[in-house]
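A.B. asks: Positions 519 to 688 (the numbering used here) are the ones given, in order, by the sequence shown. For each residue, glycine too, the CB sits at the ideal point set by N, CA and C.
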Amino acid sequence: PHIVKALMRMDQFRLVPRGDINIQNIQKRLNSRYVAGIGIPAMGLVPCDGIYSRDVQQGFMMAIQYELGIALNSINGYFGPGTQAGLRGVGSGTLSGNLRYLFRSACYFNSPTMLPGDPQIPLMYRPDDINTDTATTTHLAWVRAFQQFSQIPVTGTNDYTTWAQLLVSS
Numbered sequence: 519p520h521i522v523k524a525l526m527r528m529d530q531f532r533l534v535p536r537g538d539i540n541i542q543n544i545q546k547r548l549n550s551r552y553v554a555g556i557g558i559p560a561m562g563l564v565p566c567d568g569i570y571s572r573d574v575q576q577g578f579m580m581a582i583q584y585e586l587g588i589a590l591n592s593i594n595g596y597f598g599p600g601t602q603a604g605l606r607g608v609g610s611g612t613l614s615g616n617l618r619y620l621f622r623s624a625c626y627f628n629s630p631t632m633l634p635g636d637p638q639i640p641l642m643y644r645p646d647d648i649n650t651d652t653a654t655t656t657h658l659a660w661v662r663a664f665q666q667f668s669q670i671p672v673t674g675t676n677d678y679t680t681w682a683q684l685l686v687s688s
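#1: On the criterion of 16 or more Cβ atoms from any shown chain inside 10 Å, does N649 qualify as buried, or is it exposed?
#2: Would you call the CB atoms of S623 and I544 closer than 8 Å?
#3: Going by CA-CA distance only, name the one from R606, I582, A603 that's closest to G595.
#4: Per DSSP, what are the beta-bridge partners of L641 in this structure?
#5: Terminal residues of the continuous alpha helix (DSSP H) containing I648?
#6: Return the Cβ separation of G577 and Q542 in integer angstroms, given the expectation that the two are a contact with Cβ distance under 8 Å.
#7: Compute the Euclidean distance between the alpha carbons of A682 and I539, then round it to the nearest angstrom.
#8: Can you give me the start and stop residues for the alpha helix (DSSP H) that I539 sits inside?
#9: Work out the CA separation of T673 and R536 for me, nearest whole Å.
#10: Between the C-alpha atoms of T679 and I670, what's the straight-line distance to the nearest angstrom?
#11: Within 10 angstroms of the Cβ of T655, are there 16 or more other Cβ atoms? Answer buried if so, exposed if not.
#12: Could you tell me the alpha carbon to alpha carbon distance between D677 and V522, rounded to whole angstroms?
#13: Applying the criterion that 16 or more other CB atoms from any shown protein chain within 10 Å of the CB defines a buried residue, is Y647 buried or exposed?
#14: So what does DSSP say about C566, is it helix, strand or coil?
#15: How would you write the range of the alpha helix (DSSP H) that P600 sits in, first residue to last?
#16: Looking at the structure shown, is N676 part of a helix, part of a strand, or coil, going by DSSP?
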């Protein structure tokens, strides 16, 4: 049924012109893990065209909700009280595995951010940082620059405020 629904909507499942291969890889992972693997009831296939869209955002939110420990039948893709509580708790601790991957994917979706100064210089999130468990200097620099640009506390961490800003500002 997921494939028929995707066909009826005419979603693209190949890289389109101006699509980003790194976004496409994230899209494929969302489909593979959360639709085909886990089978989140409310989640349909997200397009795999390399374009960050509303459908990708909703599927991405459902993936985050799953990784935060929200029950399968309660996952809805909304940034509600359960998701907020999860991000304040588990999401604000030391991240590893899939939740870490999702945080770094959100960083990539929000790239570039602007470095402070005059003139402001765009800072891209490095694709190599998405799949690593290491707190690289490039990842930390990007998070700090994003926090400063967003005018939120500059902690260099995945605190609740940073999660919220990443999920609403892209």
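C.D. replies: By the coordinates alone:
#1: exposed
#2: yes
#3: I582
#4: T631
#5: Careful: I648 lies outside any alpha helix (DSSP H) and carries neither H nor E.
#6: Contact doesn't hold; Cβ gap of about 14 Å is too wide.
#7: 25 Å
#8: 539-548
#9: 33 Å
#10: 7 Å
#11: exposed
#12: 39 Å
#13: The identity of residue 647 in the sequence shown is Asp, whereas the question assumes Tyr. Buried: at least 16 other Cβ atoms inside 10 Å.
#14: coil
#15: A small fix is needed here, since residue 600 is Gly in this sequence, not Pro. Per DSSP, G600 belongs to the alpha helix (DSSP H) from 599-606.
#16: coil
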